[in-house]
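> Residue numbers (the UniProt record's numbering): 1 to 291. Backbone N, C-alpha and C fix where the C-beta goes; we use that ideal spot for every residue, glycine too.
1. State yes or no: is the beta carbon of residue 183 nearer than 8 Å to at least one beta carbon in chain C?
2. Taking the beta carbon of residue 170 as the centre, do at least 16 other beta carbons fall within 10 Å, making it buried, or is it exposed?
3. Report the residue from 218, 266, 258 and 191 whose alpha carbon sits nearest the alpha carbon of residue 227.
4. What does DSSP give as the partner residues of residue 137 in its beta bridges?
5. Can you grab the Cα-Cα spacing for the pair residue 153 / residue 237, in whole Å?
6. For residue 212, which option in 183, 204, 222 and 205 has the closest C-alpha, if you only look at C-alpha atoms?
7. DSSP has residue 205 in a bridge; who is on the other side?
8. Determine the DSSP secondary structure at residue 248, reduced to helix, strand or coil.
9. Which class does residue 170 belong to by DSSP, given the choice of helix, strand or coil?
10. Considering only residues of the segment 55-104, which uninterrupted beta strand (DSSP E) runs meet the minimum length of 3 residues and lie entirely inside it, listed in chain order?
11. For residue 177, write down the residues that DSSP places opposite it in a beta bridge.
12. For residue 270, which option in 259, 230 and 208 has the closest C-alpha, if you only look at C-alpha atoms?
13. May I ask you to verify whether the segment 175-183 touches the segment 98-107, counting CB pairs closer than 8 Å and requiring at least 3?
14. Using a Cβ-Cβ cut-off of 6 Å (strictly less than) and excluding sequence neighbours within five positions of residue 189, which residues of its own chain qualify?
15. Can you check which of these residues, 216, 224, 231 and 260, is closest to residue 241 by C-alpha distance?
16. How about residue 55 and residue 119: are their beta carbons less than 8 Å apart?
17. Quick check on DSSP: helix, strand or coil for residue 295?
18. Are the CB atoms of residue 195 and residue 260 within a distance shorter than 8 Å?
19. Would you mind sorting residue 144 into buried or exposed? The rule is 16 or more other CB atoms within 10 Å of its CB.
20. If you follow the alpha helix (DSSP H) that residue 38 is in, where does it begin and where does it stop?
21. Assuming contact is defined by CB atoms lying nearer than 8 Å, are residue 149 and residue 76 in contact in what I supplied?
22. Let me confirm a value: residue 354 is counted as buried when at least 16 other C-beta atoms fall within 10 Å, else exposed. Which label applies?
23. DSSP three-state label for residue 243, please.
24. So what does DSSP say about residue 236, is it helix, strand or coil?
25. Going by CA-CA distance only, name the one from 93, 255 and 28 that's closest to residue 60.
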């Protein structure tokens, strides 16, 4: 009986803590970037994946989550099926006209709509759009020493459609595709696009879900760094501790912070209920970057 009583007391304390955070986050906007590297099965829901459940629970608790997604691995798989090789320069996919058609088909079509279906099946309500819709992401072609084709960077963000969906009870699900001034589709880095949207929405938190538990200080397998100031994060990039695919994630966090987002987080998307733990517990999860 004593053990059961202790467990009940602990549960009550945990619930009390969670409820305090729930009340604090009501009506707050949280932008979540869901990466293709986390969606290991392409667009299906992997065993133990709690991201979708967390999004539905957050919306039900009065938080306004906004989901921005990529889908690089699924794009690569589709190109392979079509007999077209993927080519990358400095980590960016060279996107000719034919590749852009596949990118748009996979991201704005298959991946986006299946994420909407998963949220609906979990008891939520979602609307899927691409960054072209409502000119959410107006972009320009990315300049560089080599022509990357239809690869772009966000030039401006229009939050009208996103706010409208959130206000009417939907989780906005946004594919990382931008529209050029001439109407051309542009392939965007989803990390940077999500960070730009977080800034434009005045989000209270920006969370990047990835396939590692956070920013690691050294060897893979170590514990992630819990908290970093922006200046410290820049030093980690300069020192080579943050490298490869983690660089655009940290850069997206830094850009969001510079535009007024209070905190940015890099979190392991495969951690059980990572979103709930980050928002509704004192300890949080992953790496938090502050100004």
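Looking at the atomic coordinates:
1. No chain C is present in this structure, which holds just one protein chain.
2. If you number the chain shown from 1, residue 170 lands on position 170. Looking at its Cβ environment, which holds 16 or more other Cβ atoms inside 10 Å, residue 170 is buried.
3. Numbered from its first residue, the chain shown carries residue 227 at position 227. The residue from 218, 266, 258 and 191 with its alpha-carbon nearest to that of residue 227 is 266.
4. Counting from one through the chain shown, the residue named residue 137 turns up at place 137. Residue 137 pairs with 157.
5. One-based indexing of the chain shown puts residue 153 at position 153. One-based indexing of the chain shown puts residue 237 at position 237. Straight through space, the alpha carbons of residue 237 and residue 153 are spaced by roughly 21 Å.
6. As a position in the chain shown, residue 212 is number 212, starting the count at 1. It is 222.
7. In the chain shown, residue 205 corresponds to position 205, counting from 1. Bridge partners of residue 205: 30.
8. Taking the chain shown and counting its residues from 1, the one referred to as residue 248 is at position 248. Reduced to three states, the DSSP call for residue 248 is helix.
9. On the chain shown, position 170 is the one that residue 170 refers to. DSSP places residue 170 in coil when its eight states are reduced to three.
10. Runs found: 64-69.
11. Translated into positions along the chain shown, residue 177 becomes position 177. Under DSSP, residue 177 takes part in a beta bridge, and its partners are 187.
12. Sequence index remark: in the chain shown, residue 270 carries index 270 (1-based). Of the candidates 259, 230 and 208, the residue whose Cα lies closest to the Cα of residue 270 is 208.
13. Contact annotation: the segment 175-183 touches the segment 98-107, with at least three C-beta pairs closer than 8 Å.
14. For the purposes of this step, residue 189 is identified with residue 189 of the chain shown, where counting begins at 1. Excluding sequence positions up to five before and after residue 189, its CB lies within less than 6 Å of the CB of 248, all in the same chain and listed in chain order.
15. The residue labelled residue 241 in the question sits at position 241 within the chain shown. Ranking the options by Cα distance to residue 241, first place goes to 216.
16. Locating residue 55 in the chain shown gives position 55, counting from the first residue. Locating residue 119 in the chain shown gives position 119, counting from the first residue. Result yes, Cβ atoms of residue 55 and residue 119 sit closer than 8 Å.
17. The structure shown has nothing for residue 295, since the chain only spans 1 to 291.
18. Looking up residue 260 in the chain shown gives position 260. Looking up residue 195 in the chain shown gives position 195. Not closer than 8 Å, so no.
19. Looking up residue 144 in the chain shown gives position 144. Looking at its Cβ environment, which holds fewer than 16 other Cβ atoms inside 10 Å, residue 144 is exposed.
20. Your numbering for residue 38 matches position 38 in the chain shown. Element bounds for residue 38: n/a, residue is neither H nor E.
21. Within the chain shown, the letter at position 149 stands for residue 149. Within the chain shown, the letter at position 76 stands for residue 76. No.
22. Examination of residue 354 is not possible in this model, given that the chain is present from 1 through 291 alone.
23. What you label residue 243 is simply residue 243 of the chain shown in a count that begins at 1. In this structure, residue 243 counts as coil in the three-state DSSP scheme.
24. The residue you call residue 236 lines up with position 236 of the chain shown. The answer is helix: DSSP assigns residue 236 an H, G or I state.
25. For the purposes of this step, residue 60 is taken as the residue at position 60 of the chain shown. Comparing Cα positions, the closest option is 28.
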